DNA sequence: TGAAATGTTGGGGCG
DNA sequence: ACGCCCCAACATTTC
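In our numbering, the protein residues as written are 218 to 695.
Here it is as C-alpha cells:
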C-alpha cells in the first residue's frame, strides 16, 4: 500500500462512460500522473429504473471490452458490487487513493446520490470531482431568453446549433495502473447474462458491444448511409440508421465524438438530420434534468385523469407481437429478438399502444426499458410522453398512425415484415400489411390460417381511431 | 416525425 | 358540339 501522498492513486469511477477516448474523468486522472484505479460498481439493489434485462446483457459485454482495452493500456478494471458510497469508501481505504473522479449523470436518483457522495468525500478530505463526459451542453447552460429551460425542441435545437461543444479528448496512450493488490469480482459472478432461458441469441448476432465496435459503426455509417440518411432512416427494412444508440447509451462513444466527426464530413441534408438526432438526445436529457418526474408523471397535468384502459390480454399481444397488424408485430418481435427497434417502427408501435389500445404509456415505457439494449431513462420517458401527447413538446392528440399506411409507405417491398413475421411472408406485397383483406384462396396460397397461424387484428383500425380521438378530445375540453 | 374527410379541378365517357 | 356526370388527382380542412 502506498504511503507517500505523491503516489496516492486516483479512482476513476466508470458509470455510463465505458470508453477510453474522450473520457474527461479518465483523462484528468491520466494527466495527474498519479496511479489510476479504474472502478465499476454494480449497484444491484432493487430500485426504480434499475437496468433491464437487455441492458444488463449489454453491460456485461461492454465491461468485458473495457476491461480488455484498459488492460492494453496497463490498467486493471476493478469490479465491485454494492452501494456505491460504501464501495467507494472501501476502495479508498484499501488503495489509499487521494480521491475519486467521474463523469456526471443526469438521472434524478444519480444526481441525488452523487451529490451526497461528493459532499461526504470532501468532508473526509478527499478529492471528488465530476466532469461532463455525456452531454454536448450542460442542462443549465442552455436557457431561453427568459431564463427558462426549453420545452420545445425546435428553438432548443436552433440555440444548440449556435454553441460550440468542446473538442473530443484523445484516448490516453498508456495508463499508470495502480500496482497494489485490490480484489475484484469477476464479471461471471455478476450474472448479468440470461440463463435458463438464454434469450440473448438474437442479441449476440446483432451486436458487438464496446468502444472499438462503436467507432467502427460510426465509420460504416459515414461511408454507407450518412448521405442518404434523411430518406433511408425511415426505412426499417434497410440499414439506414447508424445503430449507435446502445453504444451511446453506455458511453462507448460520446456525443462530442459524433458531433465533431460529423463536422468533418461533407455537409448535406443527411448529415444535418443525423446531428439533429444527437440534439434530440440532448433535449431529452435536459428535460429529465429540469423535470425529474418525467419518467413517472405526465408533464401535462390534465393527463393524470386520462381514462386509460386496463387490458392485460392486449398488453401481452402487443408485447409478443401478436396484434394482427404486421408492421406493429414486426417491430415488437425485432425488439424482443435483437433488443432494438427501428425508430420509425418505434413510433408506430407506440402510437398503437397508446391510441389504438388506449393503454397507459407507462406500460410501453416499462416494456421498452426492460427489452431495449439502448434503454435510456431520459430518451425513453421523453419519447413516450411525446407519443402519448402528454409531454411538453408533444405530438398533437389527433395524430394517430395508421399501421397499414405506415407499412405501405416505409416497408413498401415488405422486407421488414417478412423478416420478422415470416408466417405471412407468402402474401403478395399488396396484402402484406393488411392480411385480413386477403381472400380465402390467397390465404391458403400463402399457407395462412387466419386466427391460428397469424392473429386477426385485435382492434379494428377505424373503430380504434375514433375511440382514441373521442377520448383525447374530451381531455382537451376539461 | 399523420390520416381522413371534404373541397376543387379537369379530363373523358356518354347521351 | 354541348352539357352532364363520374372520378382521379390534388389541395384544404378537420380530427
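For glycine and all other residues, C-beta sits at the position ideal for the given N, C-alpha and C.
Values in this document were obtained by computation on a predicted structure and should not be read as measured data.
* To do: Assign residue 668 to buried or exposed, taking buried as 16 or more other Cβ atoms, counted over all protein chains shown, within 10 Å of its Cβ.
  => exposed
* Asked: Touch check for the segment 441-457 and the segment 571-591: three-plus C-beta pairs under 8 Å?
  -> no
* Residues bridged to residue 317 (per DSSP) -> 228, 345
* Compare the C-alpha of residue 509 against each of 225, 246, 324 and name the closest. => The residue with the shortest Cα to Cα distance from residue 509 is 324.
* Asked: Grouping DSSP H, G and I as helix and E and B as strand, with all else coil, what is residue 359?
  -> coil
* Asked: Can you pull the DSSP bridge partners for residue 667?
  -> 671
* Give me whichever residues DSSP pairs with residue 255 in a beta bridge. => 229
* Asked: Are the segment 267-284 and the segment 414-432 touching, with three or more C-beta to C-beta distances below 8 Å?
  -> yes
* Can residue 638 and residue 550 be called in contact, C-beta distance under 9 Å? -> yes
* Note down the Cα distance separating residue 464 from residue 472, rounded to an integer number of angstroms. => 11 Å
* Do residue 241 and residue 320 come within 9 Å of each other at the CB atom, strictly closer than that value? -> yes
* Where residue 673 falls, given that 16 or more other Cβ within 10 Å makes a residue buried -> exposed
* Does the beta-carbon distance from residue 256 to residue 294 come in below 9 Å? -> The answer is yes: Cβ separation under 9 Å.
* Can you name the residues that DSSP bridges to residue 298? -> 259
* Using the Cα positions of residue 523 and residue 574, report the straight-line distance between them to the nearest angstrom. => 13 Å
* To do: Report the rounded CA-to-CA distance for residue 314 versus residue 287, giving the unit in angstroms.
  => 19 Å
* Got a sec, what are the start and stop residues for the alpha helix (DSSP H) residue 609 sits in? -> Taken as a continuous stretch (DSSP letters only), residue 609 belongs to no alpha helix (DSSP H), as it is neither H nor E.
* Who are the near neighbours of residue 221 in its chain, counting only those whose CB is closer than 6 Å to its CB and skipping five residues on each side? -> Residue placement at residue 221 is flagged as unreliable, the pLDDT there being 44, under the threshold of 50; the coordinate-derived value follows with that caveat. Same-chain partners within the cutoff: there are none.
* Is it right to say residue 469 is buried, meaning 16 or more other beta carbons lie within 10 angstroms of its own, or is it exposed? -> buried
* Are there 16 or more other CB atoms within 10 angstroms of the CB of residue 365, so buried, or fewer, so exposed? -> exposed
* Asked: Between residue 356 and residue 507, which are expected to be in contact by the criterion C-beta below 8 Å, what is the C-beta distance as a whole number of angstroms?
  -> Yes, residue 356 and residue 507 are in contact; Cβ-Cβ is about 6 Å, under 8 Å.
* Asked: Does the beta-carbon of residue 234 have 16 or more other beta-carbons within 10 angstroms, so that it is buried, or is it exposed?
  -> Residue 234 should be labelled buried.
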